[in-house]
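Colleague:
Residue numbers (this note's numbering): 3 to 176.
1. How long is the line joining the alpha carbons of residue 84 and residue 56, rounded to whole angstroms?
2. Check residue 123 in the structure and name its three-state DSSP category.
3. Residue range of the alpha helix (DSSP H) that residue 57 falls in?
4. Alpha carbon to alpha carbon, how far is residue 115 from residue 39?
5. Name the residue from 100, 64, 103 whose alpha carbon lies nearest to the alpha carbon of residue 21.
6. For my contact list, residue 59 and residue 173 are in at a C-beta cut-off of 8 Å; report their separation, rounded to the angstrom.
7. Using the three-state DSSP reduction, which class does residue 30 fall into: helix, strand or coil?
8. Can you check which of these residues, 90, 26, 129, 125, is closest to residue 69 by C-alpha distance?
9. How would you write the range of the alpha helix (DSSP H) that residue 67 sits in, first residue to last?
10. From what residue to what residue does the alpha helix (DSSP H) around residue 74 run?
11. Kindly indicate which three-state DSSP category residue 118 falls into: helix, strand or coil?
12. Between 7, 133, 169, which lies nearest to residue 102 when the distance is taken from Cα to Cα?
As structure tokens, this is what we get:
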């Protein structure tokens, strides 16, 4: 019923995903949501943990592209300190922005993963694009007003998915 919202993996935090885990799955590039996945929605500066994780990916040769529904100014300001490429106004859950992301990387959809904190946008968009997905817990427990509506629907969908897919469990990696 809700299989379009089913993530490939569920990981406690983006920072627990390692280059060796990704490479073992044939993943060569990361597409990631911005707000409450990489950074707190209300703190665009990121954390030391984020900087270390991005450096780890860079050193392993795994490029990261931010795929966000936010406008260009918001995304550009947030990713500038990290030197990341991005797709703004991605229109997730549609596949357009995700496709633009892996095309920017010059990779095939089988070689990337979409990481995000929302099944309604990030996971659904990845599934539409034929890309594997990693659902992560939000960086902080609060959301912007725009996201709060989705969270109510997500709780119902997640309850269904967890009940009907016992292999779906929060893990410390993929």
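Here a beta-carbon is modelled for each residue, glycine too, at the ideal position from N, C-alpha and C.
Modeller: Working from what's here:
1. Here residue 84 is taken as the residue at index 82 of the chain shown, counted from 1. Here residue 56 is taken as the residue at index 54 of the chain shown, counted from 1. Take the alpha-carbon of residue 84 and the one of residue 56: they are about 8 Å apart.
2. In the chain shown, counting from the first residue as 1, residue 123 sits at position 121. Looking at residue 123 - three-state DSSP - the assignment turns out to be helix.
3. For the purposes of this step, residue 57 is identified with residue 55 of the chain shown, where counting begins at 1. According to the DSSP assignment, residue 57 belongs to the alpha helix (DSSP H) that extends over 50 to 61.
4. If you number the chain shown from 1, residue 115 lands on position 113. If you number the chain shown from 1, residue 39 lands on position 37. Between residue 115 and residue 39, the C-alpha separation is close to 14 Å.
5. Reading the chain shown from its first residue, position 19 is the one you call residue 21. Taking each of 100, 64, 103 in turn and checking the Cα distance to residue 21, the smallest one comes out for 64.
6. On the chain shown, position 57 is the one that residue 59 refers to. On the chain shown, position 171 is the one that residue 173 refers to. Here residue 59 is actually not in contact with residue 173; their C-beta atoms are around 19 Å apart, not less than 8 Å.
7. In the chain shown, residue 30 corresponds to position 28, counting from 1. Judged by DSSP in its simplified three-state form, residue 30 adopts coil rather than helix or strand.
8. Taking the first residue of the chain shown as 1, we reach residue 69 at position 67. For residue 69, the closest alpha carbon among the candidates 90, 26, 129, 125 is that of 90.
9. Residue 67 sits at position 65 when you count from the first residue of the chain shown. Counting along the chain, residue 67 falls outside any alpha helix (DSSP H), though it belongs to the beta strand (DSSP E) covering 66 to 69.
10. Taking the chain shown and counting its residues from 1, one reaches residue 74 at position 72. Run containing residue 74: 74 to 81, per the alpha helix (DSSP H) assignment.
11. Translated into the one-based positions of the chain shown, residue 118 becomes position 116. In the structure shown, residue 118 sits in a strand (DSSP, three-state: E or B).
12. Position 100 of the chain shown, counting from 1, holds the residue named residue 102. Comparing Cα positions, the closest option is 133.
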